[in-house]
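In terms of the UniProt record's numbering, the sequence shown opens at residue 1 and continues consecutively. Note that the Cβ used here is the ideal one computed from N, Cα and C, for glycine as well.
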Amino acid sequence: MKSRWIVNLVLLLLVAGIAAFLYLRPKTADQKPTSYALSQLNPNKFEHLNIEVPGKKPVVLEKQGGRWRLLEPAKGRADLASVGRVLSLAIASSAEKFPATDLTRFGLDHPALTVRMDNEEFTFGMYHPVTGDQYIKYKGAVYLLPTMFSEGASMQPLEFLDKHPLDLNEEIVGFDFSGLEQWEKSRLSMQLENGKWKVSAPDAKPKQDELKEWFSNNWQQLTAKSVEPAKLDGHPQPWFSVKLKSGKVVKFLKLQESPELLLVREDEGLLYHFSQDTGFTILNPPVGYKE
1 MKSRWIVNLV LLLLVAGIAA FLYLRPKTAD QKPTSYALSQ LNPNKFEHLN
51 IEVPGKKPVV LEKQGGRWRL LEPAKGRADL ASVGRVLSLA IASSAEKFPA
101 TDLTRFGLDH PALTVRMDNE EFTFGMYHPV TGDQYIKYKG AVYLLPTMFS
151 EGASMQPLEF LDKHPLDLNE EIVGFDFSGL EQWEKSRLSM QLENGKWKVS
201 APDAKPKQDE LKEWFSNNWQ QLTAKSVEPA KLDGHPQPWF SVKLKSGKVV
251 KFLKLQESPE LLLVREDEGL LYHFSQDTGF TILNPPVGYK E
């Protein structure tokens with residue numbers, strides 16, 4: 001048993017030594033590169049993004065004023081991480097590169113997915129039967145890449161919508177909760193002045209630490225479970241508004257409180273889904289006062 005253990009150890013060291021030699025040895029001039037870059041494009045320069053899947057409506061995104069927006073099949077601020085995953089294809093690299101001469105061989109004669117970044121076109125073909133990677137054509141070459149690129153581009157279109165009800169540059173400086181049932185009597189409103197929250201209710205006894213914690217832990221990190229275009233029936237709804245540092249006032253309609261909170265951002269026409277617990281917390285600040 002001891003001799004077999006020694007033999008195994010020697011074999012292990014031998015394999016490790018060979019691997020280290022192959023990795024560290026100088027590369028000769030005629031040696032093939034270990035990876036091939038798909039392009040030399042800069043993802044930050046793109047202004048338009050089209051994603052096409054046969055049999056489905058195309059997903060269209062456009063950069064407006066430096067901010068990506070979803071234009072089709074719905075309209076709204078785009079989730080920057082989701083857009084970034086698609087654009088990262090432009091700087092991807094592959095260990096395999098083939099001439100784009102026999103497209104049928106790669107399943108690219110009828111692409112399963114086409115991504116257009118401005119005037120640059122990337123087409124997606126079949127999957128490699130062993131590695132599971134996918135063939136992707138760009139210009140005159142075909143590359144083999146992980147499926148994360150097609151997964152990022154072919155997700156449900158509404159997943160491209162930003163789940164934050166307020167954009168990152170929309171800085172909150174006040175709330176008006178007077179349109180909600182629980183604050184109808186006190187006409188509760190709050191203003192942030194010189195780093196402190198002022199509460200309108202005369203009987204309120206707010207604690208600044210509690211209000212700051214409520215704001216930073218909830219509103220500054222507020223993210224919906226999902227978002228979709230709103231469908232309103234025209235009936236009056238409970239509401240509240242958020243005042244921004246820019247002076248703009250954003251109005252939200254409360255369509256439902258249980259089993260989940262449904263809020264519509266009126267100016268964008270988008271419906272946000274939140275858990276019931278989150279809904280109770282964000283609409284009931286600890287102002288030291290109850291109706």
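Nearest candidate by alpha-carbon position, reference residue i, set the options
i, options, result
"Glu-228", "Ser-82, Ala-74, Pro-54, Ser-35", "Ala-74"
"Lys-225", "Ser-189, Gln-276, Trp-214", "Gln-276"
"Lys-231", "Leu-253, Asn-284, Glu-62", "Leu-253"
"Ser-119", "Pro-129, Ala-78, Lys-45", "In the sequence under discussion, the amino acid at residue 119 is Asn, which differs from the Ser named in the question. With distances taken between Cα atoms, Asn-119 lies closest to Lys-45."
"Lys-245", "Phe-160, Glu-170, Leu-263, Leu-271", "Glu-170"
"Gly-269", "Val-250, Leu-261, Glu-260, Pro-259", "Val-250"
"Trp-183", "Pro-111, Trp-197, Ala-204, Gly-195", "Ala-204"
"Asn-218", "Gly-234, Thr-278, Thr-101, His-128", "Thr-278"
"Gly-288", "Glu-62, Gln-40, Asp-133, Trp-197", "Trp-197"
"Ala-95", "Asp-133, Leu-71, Pro-58", "Asp-133"
"Ser-39", "Thr-223, Ala-100, Ile-91, Phe-175", "Ile-91"
"Ser-186", "Asn-194, Val-130, Asp-176", "Asp-176"
"Leu-255", "Val-242, Lys-243, Pro-236", "Pro-236"
"Leu-49", "Ser-82, Tyr-36, Ser-35", "Ser-82"
"Ala-153", "Ile-282, Leu-103, Leu-61, Pro-238", "Leu-61"
"Gly-55", "Leu-113, Arg-85, Lys-63, Leu-89", "Leu-113"
Three-state secondary structure (DSSP) of residue i
i, result
"Gln-276", "helix"
"Leu-24", "Note on Leu-24: pLDDT 44, under 50, position unreliable in the model; the coordinate value appears next. Leu-24: helix per DSSP, three-state reduction."
"Phe-177", "coil"
"Met-117", "strand"
"Pro-259", "coil"
"Met-148", "helix"
"residue 292", "The question about residue 292 has no answer here: the residues shown for the chain are numbered 1 through 291."
"Phe-160", "helix"
"Thr-123", "strand"
"Lys-137", "strand"
"Ala-92", "coil"
"Leu-283", "helix"
"Ala-74", "coil"
"Leu-244", "strand"
"Ala-204", "coil"
"Ala-37", "strand"
Identity of the residues DSSP links to residue i by a beta bridge
i, result
"Lys-97", "Tyr-143"
"Ala-81", "In DSSP, Ala-81 forms no bridge with anything."
"Lys-196", "Glu-193"
"Trp-68", "Lys-63"
"Val-227", "Tyr-272"
"Leu-253", "Trp-239, Val-264"
"Leu-49", "Leu-61, Met-117"
Distance cut-off 8 Å: residue i Cβ against heavy atoms of the ligand COA
i, result
"Ser-275", "Only the bare structure without any ligand can be found here, which leaves the ligand COA out of the picture."
Exercise for the section: Say whether the segment 94 to 110 touches the segment 149 to 165, bearing in mind that this needs 3 or more beta-carbon pairs closer than 8 Å, one atom from each stretch. Expected result: Inter-segment contact for the segment 94 to 110 and the segment 149 to 165 is absent: fewer than three beta-carbon pairs are separated by less than 8 Å.
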